[in-house]
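Worksheet: the structure to be examined is printed underneath.
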Amino acid sequence: MKFETVIVNGDVITEQGQQALDIGIRGGKITALLARGTPVEAVETIDAAGRLVLPGAVDIHFHCRAPAYPQRGDFATETRAAAAGGVTTIFEMPISKPCCATGEIFRSRKALGEANAYVNFGLYGAPGLLDRREIADMCSEGAIGFKIFMTGAPAGRNDEFDGLCLPLVDELYQAMQMVAETGLVCTVHAEDNRLLEWHTARLKAANRNDIAAHGESRPPHVEALAIATLLTLNEQIGMNLHIAHLSCAEALEVFRRFKRTGSTATAETCPHYLFFTEDDLARVGPYAKINPPLRQQSDQDALWGGLQDGSLIAVTTDHSPFTVEEKERARTDIWRTPPGSPGVEELVLGMMDTALTGRLTIDHAARLISTNGAKRFGIYPQKGVIAVQADADLVIYDPNQTTTIHPDMLFSQAKACDKLYEGKTFRGKICRTLVNGRTVFEDGVITGEPGWGKFVRPVRENVYKGF
Ligand SMILES: [Zn+2]
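Okay, structure coming up:
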């Protein structure tokens, strides 16, 4: 057997657990899994002795923003960051200028990604123009799924959200029906708009302008109510519903209640809710303004419980690059600063650190950051698993080293905004990332090139509903 690349001596995380296997790669795919030490011929041999080989992470909630506002980040800068973080496939959200809500815009974004992405990428479409032809057009172009916001656009950013925001429940209902017809997954940002506007107005009237006011404007019931609305509508519609960034105990409890009566909806949470709380606001200030907001310790504990019992199927980054200037605006006006924080370079590190401490098994961590998202959206078994015929998207990870986050080692254009993680030390280190069989990151250096990442399209019949 002759391979282009073979990875030898590693402990490989497969769906059957950790195994001593050598991995043969040809044509960008895994073409053989061999007992360790099987003699093979290969152009390139990678020695992974003492290291784990993980399926590359599939981050189903990501923002590059390109082509709008390149100062925040673009397909090249943010997918370099993904490569360094062990994320080999990203699902890019439609927020951009113009918002990705028509077939034509979708095609131009796809071309942009194909020219610039270092890792594989799927593209969400926005169905909020309520135009069946545009939804069908994005679908036939290979949309990975759709995205809806139940809120209005953040202050001053209407241009980026045109076609995404459906704060009126009748319009939400129509969009859900249209997306249901496609058979694809729809990810929804669930916060009740009327309630959060009322809370916001009340706080502004009291001259509240501090970071804590942001959290108070979107308390847990804002999220829980929106999830109840969505799940109630979906009982009749039956869309493949996925709840974005579930952040608190109250929302999780509502979600579980519907699961008990047969809902096939799925939900994700994000590392910032798992590793930080509102106590971190004092340290990080406006850089921790995120929607939904950072919550309390009891919420964080509930989310870990939700991961452990399978209620939450995925951990995603919601990686959101902005400029320092944009985030610093909050020092004088918290309401004007855009919500979101980078985080793609800490997803694998954070979840694997958790696995090494025993809070989750390593297999479970791999499912949460890779396999489950790939399954849900219909790109498994091409992605999300180390198996013969899967794409060779792999991470070589050393559990015996440590990584301390410092802006100098990050690749995101928004690395200076990554204050939540700055100074944080994780057990483990990402040594090397392979995308489509080729090394794109090794020992702190990007070795890939723009355009190497491939556009990923879902197989509708494979969209998984059985979680
Ligand atoms: Zn997002």
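In terms of the working numbering, the sequence shown opens at residue 2 and continues consecutively.
We put the beta carbon where it would ideally sit given N, CA and C, even for glycine.
Quick caveat: nothing in here was measured; it's all calculated off a predicted structure.
_Only counting the same chain, and skipping five residues up and downstream in sequence, which positions put a Cβ closer than 6 Å to that of residue 442?_
Taking the first residue of the sequence shown as position 1, residue 442 is located at position 441. Answer for residue 442: 84, 85, 434, listed in chain order.
*Which runs of the alpha helix (DSSP H) spanning at least 4 residues fall entirely within the segment 246 to 287, listed in chain order?*
Here the runs fully enclosed are 250 to 261, 272 to 276, 282 to 285.
*Between the segment 152 to 172 and the segment 90 to 102, do three or more beta carbon pairs fall short of 8 Å?*
Segments in contact, yes.
*asked:* What does the alpha-carbon distance come out to for the pair residue 322 and residue 42?
replied: What you label residue 322 is simply residue 321 of the sequence shown in a count that begins at 1. What you label residue 42 is simply residue 41 of the sequence shown in a count that begins at 1. So the alpha carbons of these two residues sit roughly 43 Å apart.
*When DSSP labels each residue in this structure, what does residue 338 get in the three-state scheme?*
Position 337 of the sequence shown holds residue 338. It is coil, neither helix nor strand.
*asked:* Can you determine whether any heavy atom of ligand 1 sits closer than 7 Å to the C-beta of residue 60, and answer yes or no?
replied: Taking the first residue of the sequence shown as position 1, residue 60 is located at position 59. For ligand 1, not one heavy atom lies less than 7 Å from the Cβ of residue 60.
*Does the distance from the CB of residue 428 to the CB of residue 354 come in under 8 Å?*
As a position in the sequence shown, residue 428 is number 427, starting the count at 1. As a position in the sequence shown, residue 354 is number 353, starting the count at 1. In this structure, the beta-carbon distance from residue 428 to residue 354 falls below 8 Å.
_DSSP bridge partner residues for residue 55 (one or two, in chain order)_ = Sequence index remark: in the sequence shown, residue 55 carries index 54 (1-based). For residue 55, which the question treats as bridged, DSSP gives the partners 396.
_Three-state secondary structure (DSSP) of residue 407_ = Along the sequence shown, one-based indexing puts residue 407 at 406. Correct three-state label for residue 407: coil.
*How should residue 208 be labelled, buried or exposed, when 16 other C-beta atoms within 10 angstroms of its C-beta is the threshold for buried?*
Here residue 208 is taken as the residue at index 207 of the sequence shown, counted from 1. Counting C-beta atoms within 10 angstroms of its own C-beta, residue 208 has fewer than 16 neighbours from the protein chains shown and is therefore classed as exposed.
*asked:* What does the alpha-carbon distance come out to for the pair residue 24 and residue 33?
replied: Indexing the sequence shown from 1 puts residue 24 at position 23. Indexing the sequence shown from 1 puts residue 33 at position 32. Cα to Cα, residue 24 sits roughly 6 Å from residue 33.
*asked:* Could you check if residue 64 belongs to the surroundings of ligand 1, using beta carbon to heavy atom distance under 7 Å?
replied: By one-based count along the sequence shown, residue 64 stands at place 63. For ligand 1, at least one heavy atom lies less than 7 Å from the Cβ of residue 64.
*Alpha carbon to alpha carbon, what distance is there between residue 416 and residue 286?*
Sequence index remark: in the sequence shown, residue 286 carries index 285 (1-based). Sequence index remark: in the sequence shown, residue 416 carries index 415 (1-based). Rounded to whole angstroms, residue 286 to residue 416 spans 16 Å at the Cα level.
*For residue 407, count neighbouring C-beta atoms within 10 Å of its own C-beta (all shown protein chains included) and say buried if the count is 16 or more, exposed if not.*
Numbered from its first residue, the sequence shown carries residue 407 at position 406. With fewer than 16 other Cβ atoms within 10 Å, it is exposed.
*Quick one: grab the DSSP three-state call for residue 465.*
To locate residue 465, count along the sequence shown from 1; it is residue 464. Residue 465 falls in the coil class under three-state DSSP.
*asked:* Count Cβ pairs between the segment 219 to 227 and the segment 267 to 275 that sit closer than 8 Å; are there 3 or more?
replied: With a cut-off of 8 Å, the segment 267 to 275 and the segment 219 to 227 do not count as touching, because too few Cβ pairs lie within range.
*In chain order, what residues of the same chain lie with their CB nearer than 6 Å to the CB of residue 307, ignoring the 5 residues before and after it?*
Locating residue 307 in the sequence shown gives position 306, where the first residue counts as 1. So the list reads 253, 313, once near-sequence residues are dropped.
*For residue 20, which three-state DSSP category applies?*
Here the question's residue 20 lines up with position 19 in the sequence shown. Under the three-state reduction of DSSP output, residue 20 falls in the strand class.
_Cβ pair residue 89, residue 438 closer than 8 Å_ = For the purposes of this step, residue 89 is taken as the residue at position 88 of the sequence shown. For the purposes of this step, residue 438 is taken as the residue at position 437 of the sequence shown. No. Outside cutoff.
*Enumerate in chain order the residues of its own chain whose CB-to-CB distance from residue 281 is below 7 Å, with the five nearest sequence positions on each side excluded.*
Along the sequence shown, one-based indexing puts residue 281 at 280. Once the five neighbours on either side are set aside, the close Cβ partners of residue 281 are 289, 295, 421.
_Helix, strand or coil, according to DSSP, for residue 131 in the structure here?_
As a position in the sequence shown, residue 131 is number 130, starting the count at 1. Here residue 131 sits in coil by DSSP.
*Terminal residues of the alpha helix (DSSP H) in which residue 110 lies*: Against the sequence shown, residue 110 aligns to sequence position 109. Residue 110 -> alpha helix (DSSP H) spans 104 to 117.
*Does DSSP classify residue 315 as helix, strand or coil?*
Counting from 1 along the sequence shown, the entry for residue 315 is found at position 314. It is a strand residue.
*The beta strand (DSSP E) spanning residue 126 covers which residue range?*
The residue given as residue 126 occupies position 125 in the sequence shown. Run containing residue 126: 121 to 126, per the beta strand (DSSP E) assignment.
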